[in-house]
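Before any comments, here is the structure.
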Amino acid sequence: MSEYFCRDLLTNPATREVTDVKRAITAVSSSKDPDKAIEFLARIDHPAPTEVSTFGSYAALVRDPNVDIVYIATPHSHHIQNAMLALHAGKSVLCEKALTVTAAQARRLGAIGQVYRVTADLSRANGIKDFESKRLNYEDSHRMANPDLAGGVLLGLGIYPLTWVFQILYHLQPKNEKEQPQILSAVQKYSTGVDESATIILHFPEHGTVGIATSSLRVATDPGNSRNPAIRIQGSHGEIQVEDPAYKPQCFKIITTSETGADEKVDECPQPQDSERSWGNGTFWEADEAARCIRDGKLESDTMPWSESILIMEIMDKVLEDAGIFYPELIATDEFDPLSPLNTGG
Numbered sequence: 042m043s044e045y046f047c048r049d050l051l052t053n054p055a056t057r058e059v060t061d062v063k064r065a066i067t068a069v070s071s072s073k074d075p076d077k078a079i080e081f082l083a084r085i086d087h088p089a090p091t092e093v094s095t096f097g098s099y100a101a102l103v104r105d106p107n108v109d110i111v112y113i114a115t116p117h118s119h120h121i122q123n124a125m126l127a128l129h130a131g132k133s134v135l136c137e138k139a140l141t142v143t144a145a146q147a148r149r150l151g152a153i154g155q156v157y158r159v160t161a162d163l164s165r166a167n168g169i170k171d172f173e174s175k176r177l178n179y180e181d182s183h184r185m186a187n188p189d190l191a192g193g194v195l196l197g198l199g200i201y202p203l204t205w206v207f208q209i210l211y212h213l214q215p216k217n218e219k220e221q222p223q224i225l226s227a228v229q230k231y232s233t234g235v236d237e238s239a240t241i242i243l244h245f246p247e248h249g250t251v252g253i254a255t256s257s258l259r260v261a262t263d264p265g266n267s268r269n270p271a272i273r274i275q276g277s278h279g280e281i282q283v284e285d286p287a288y289k290p291q292c293f294k295i296i297t298t299s300e301t302g303a304d305e306k307v308d309e310c311p312q313p314q315d316s317e318r319s320w321g322n323g324t325f326w327e328a329d330e331a332a333r334c335i336r337d338g339k340l341e342s343d344t345m346p347w348s349e350s351i352l353i354m355e356i357m358d359k360v361l362e363d364a365g366i367f368y369p370e371l372i373a374t375d376e377f378d379p380l381s382p383l384n385t386g387g
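Encoded structure:
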């Protein structure tokens, strides 16, 4: 994820008509080995790697006075400690989702952010083979299967369908009418004890809406890459179908129905591309938003406030708790430890 993000950071903002903010990669760090930071700059094809500071510890990175904001894309098991390390050093933070492992951790970050300036933050069937395909099995040490890395589909992938449900059914609610959803969930466990598949029904009774978020380690949204919809937004007079992949859709279809039949309209929304770098993956939008928040002295994004991030984490907490899934104390604690192995790589 960090490679995608940094490549997007290096794209020309003019390709997406952004002229009000600028960003630059001033420093890169690995947890223990500065050579890995240098190798990272080569992988993202940085045009001036000698102008970027490279570090072999996160502590050294957050001490760099040239760093205004720290982007965190470590395993989500590490997010709380990595973010606190940056916040206690007076840095702003842009953290990938899932924001943390638990809602308590998210609330703790939000509280600290008000002091330290943080910018924060989506079966079986006829003719189909059994789910137990060896090709889809993970090694137990894989980050998606390892409980020590907060593995499991919900924190790793389920955040994306949940984000879509919230964007449509919660985010667009008027501020004084925000309604927390009632939830019902079903979880299938993987052999390591983490969640392998999760389905969540979110009911907003006051608004008369229901969202269903599903995710699986074994089943692809669009296995044939046939541009099938990853998201379906259905109403009484039709639906909107959003094309896969859900995290960066480039096409959607509007289907309206009436007594005389149905009409379809397809809208293409390609990602802006920097022709010089031949790159554009969509994460530059979050970088632009973070830059504007720093410029304007904001403690959180109006687009994605702390309250919404925490509510999403609370829902994932309940789903995992109801399924009897709990993570080790090292990654579940909300207490900051600058010497935690999550910060030192130990």
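When you line the sequence shown up against this note's numbering, it's residues 42 to 387, in that order. Ideal placement from N, C-alpha and C gives every residue a C-beta, glycine not left out.
Per-residue DSSP class, three states only, for L50: As a first step, residue 50 must be located in the sequence shown, where it is residue number 9. DSSP, reduced to helix, strand and coil, places L50 within a helical segment of the structure shown.
Separation of F377 from H119, as counted between CA atoms: Translated into the one-based positions of the sequence shown, residue 119 becomes position 78. Translated into the one-based positions of the sequence shown, residue 377 becomes position 336. Cα-Cα distance, rounded: 11 Å.
Candidates D308, K219, I295: closest to S348 by CA position: To locate residue 348, count along the sequence shown from 1; it is residue 307. K219 is the residue among D308, K219, I295 whose C-alpha sits nearest the C-alpha of S348.
Burial state of C136, where buried means 16 or more other Cβ atoms lie within 10 Å: Against the sequence shown, residue 136 aligns to sequence position 95. Taking a 10 Å sphere around the C-beta of C136, we find 16 or more other C-beta atoms and assign the residue as buried.
Of the listed residues I295, A139, A127, T143, nearest to I153 (C-alpha basis): For the purposes of this step, residue 153 is identified with residue 112 of the sequence shown, where counting begins at 1. Of the candidates I295, A139, A127, T143, the residue whose Cα lies closest to the Cα of I153 is A127.
Coarse secondary structure for Y211, derived from DSSP in three states: The residue you call residue 211 lines up with position 170 of the sequence shown. Looking at Y211 - three-state DSSP - the assignment turns out to be coil, as it is neither helix nor strand.
Spatial neighbours of R57 in its chain, beta-carbon cut-off 6 Å, leaving aside the 5 residues before and after: Translated into the one-based positions of the sequence shown, residue 57 becomes position 16. Hits under 6 Å: P313.
Residue from K77, E180, V235 with nearest C-alpha to G365: Looking up residue 365 in the sequence shown gives position 324. The shortest C-alpha to C-alpha distance from G365 to any of K77, E180, V235 is the one to V235.
C-beta contact flag for N123 and I110 at 8 Å: As a first step, residue 123 must be located in the sequence shown, where it is residue number 82. As a first step, residue 110 must be located in the sequence shown, where it is residue number 69. One thing to note: N123 has its Cβ no nearer than 8 Å to the Cβ of I110.
7 Å CB neighbourhood of G151 in its chain, flanking five on each side removed: The residue you call residue 151 lines up with position 110 of the sequence shown. If we look at G151 and ignore the five residues flanking it on each side, its Cβ neighbours are W347, I351.
Nearest-angstrom Cα separation, counted from I242 out to E80: As a first step, residue 80 must be located in the sequence shown, where it is residue number 39. As a first step, residue 242 must be located in the sequence shown, where it is residue number 201. The straight-line gap from Cα to Cα measures roughly 43 Å.
Presumed contact (8 Å Cβ cut-off) between V355 and A130, rounded CB distance: Mapped onto the sequence shown, residue 355 falls at position 314. Mapped onto the sequence shown, residue 130 falls at position 89. Checking the sequence shown, residue 355 turns out to be Glu, not Val. No, E355 and A130 are not in contact; Cβ-Cβ is about 28 Å, not under 8 Å.
Assigned secondary structure, E305 (DSSP; H/G/I helix, E/B strand, else coil): As a working note, residue 305 is residue 264 in the sequence shown. E305: strand per DSSP, three-state reduction.
Straight-line Cα distance separating A83 from Q275: Residue mapping note: residue 275 aligns to position 234 of the sequence shown, counting from 1. Residue mapping note: residue 83 aligns to position 42 of the sequence shown, counting from 1. Each residue's Cα considered, the two are about 45 Å apart.
For F367 and V59, the rounded distance between their alpha carbons: For the purposes of this step, residue 59 is identified with residue 18 of the sequence shown, where counting begins at 1. For the purposes of this step, residue 367 is identified with residue 326 of the sequence shown, where counting begins at 1. Roughly 43 Å separates the two Cα atoms.
Residue nearest to Q282 in terms of C-alpha spacing, selected from Y288, R48, S94, A271: In the sequence shown, the residue the question calls residue 282 occupies position 241. Of the listed residues, the one whose Cα sits closest to Q282 is A271.
Within 8 Å, strictly: CB atoms of V251 and L196: Against the sequence shown, residue 251 aligns to sequence position 210. Against the sequence shown, residue 196 aligns to sequence position 155. No, they are not a contact pair.
Helix, strand or coil at C334 according to DSSP, with G and I counted as helix: Taking the sequence shown and counting its residues from 1, one reaches residue 334 at position 293. Three-state DSSP puts C334 in a helix.
V283 - containing beta strand (DSSP E), residue span: Looking up residue 283 in the sequence shown gives position 242. V283 -> beta strand (DSSP E) spans 279-284.
Residues bridged to T255 (per DSSP): The residue given as residue 255 occupies position 214 in the sequence shown. Answer is T240, bridged to T255.
Separation of T374 from E309, as counted between CA atoms: Locating residue 309 in the sequence shown gives position 268, counting from the first residue. Locating residue 374 in the sequence shown gives position 333, counting from the first residue. E309 and T374: Cα-Cα distance of roughly 44 Å.
Cβ neighbours of D315 in the same chain (closer than 7 Å, five flanking residues each side left out): Counting from one through the sequence shown, the residue named residue 315 turns up at place 274. Taken in chain order, the residues that qualify are T52, N53, T56, G321.
Proximity winner among R64, P202, S133, relative to P290 (alpha-carbon distances): For this step, residue 290 is matched to residue 249 along the sequence shown. For P290, the nearest C-alpha among the options comes from P202.
Beta bridge counterpart(s) of Q223 as assigned by DSSP: Counting from one through the sequence shown, the residue named residue 223 turns up at place 182. H244, per the DSSP bridge assignment.
Where P382 falls, given that 16 or more other Cβ within 10 Å makes a residue buried: If you number the sequence shown from 1, residue 382 lands on position 341. So P382 ends up on the exposed side.
Three-state secondary structure (DSSP) of D189: Here residue 189 refers to the residue found at position 148 when the sequence shown is read from its first residue. Of the three classes helix, strand and coil, the one that applies to D189 here is helix, per DSSP.
Backbone CA spacing between D363 and I353 [nearest angstrom]: Residue 363 sits at position 322 when you count from the first residue of the sequence shown. Residue 353 sits at position 312 when you count from the first residue of the sequence shown. C-alpha separation (whole angstroms): 16 Å.
Candidates L380, N269, T324, M357, of which the one nearest T240 by Cα: The count along the sequence shown starts at 1 and reaches residue 240 at position 199. Checked all of L380, N269, T324, M357; the closest Cα to T240 is M357.
Top-ranked residue by Cα proximity to E360, from Q229, P246, E330: The sequence position of residue 360 within the sequence shown is 319, counting from 1. A small correction: the amino acid at residue 360 is Val; Glu does not occupy that position in the sequence shown. Measuring C-alpha to C-alpha distances from V360 to each of Q229, P246, E330 identifies Q229 as the nearest.
Short Cβ contact (8 Å threshold) for T324 with D49: Translated into positions along the sequence shown, residue 324 becomes position 283. Translated into positions along the sequence shown, residue 49 becomes position 8. In contact: T324 and D49 (Cβ atoms closer than 8 Å).
Straight-line Cα distance separating M42 from R333: On the sequence shown, residue 333 is found 292 positions in, with the first residue counted as 1. On the sequence shown, residue 42 is found 1 positions in, with the first residue counted as 1. Looking at the backbone, the Cα of R333 and that of M42 are separated by about 22 Å.
Inter-residue CB distance, L258 and E237 (contact presumed, cutoff 8 Å): As a first step, residue 258 must be located in the sequence shown, where it is residue number 217. As a first step, residue 237 must be located in the sequence shown, where it is residue number 196. With 8 Å as the limit, L258 and E237 qualify as a contact, their Cβ atoms being about 5 Å apart.
Per-residue burial, R149 [other beta carbons within 10 Å of its own, 16 or more giving buried]: The residue labelled residue 149 in the question sits at position 108 within the sequence shown. Per the 10 Å Cβ criterion, buried.
Own chain partners of H183 with C-beta closer than 8 Å, once the 5 adjacent residues on each side are dropped: As a first step, residue 183 must be located in the sequence shown, where it is residue number 142. Here H183 has G192 as same chain residues with Cβ atoms under 8 Å from its own Cβ, once five neighbours each way along the sequence are excluded.
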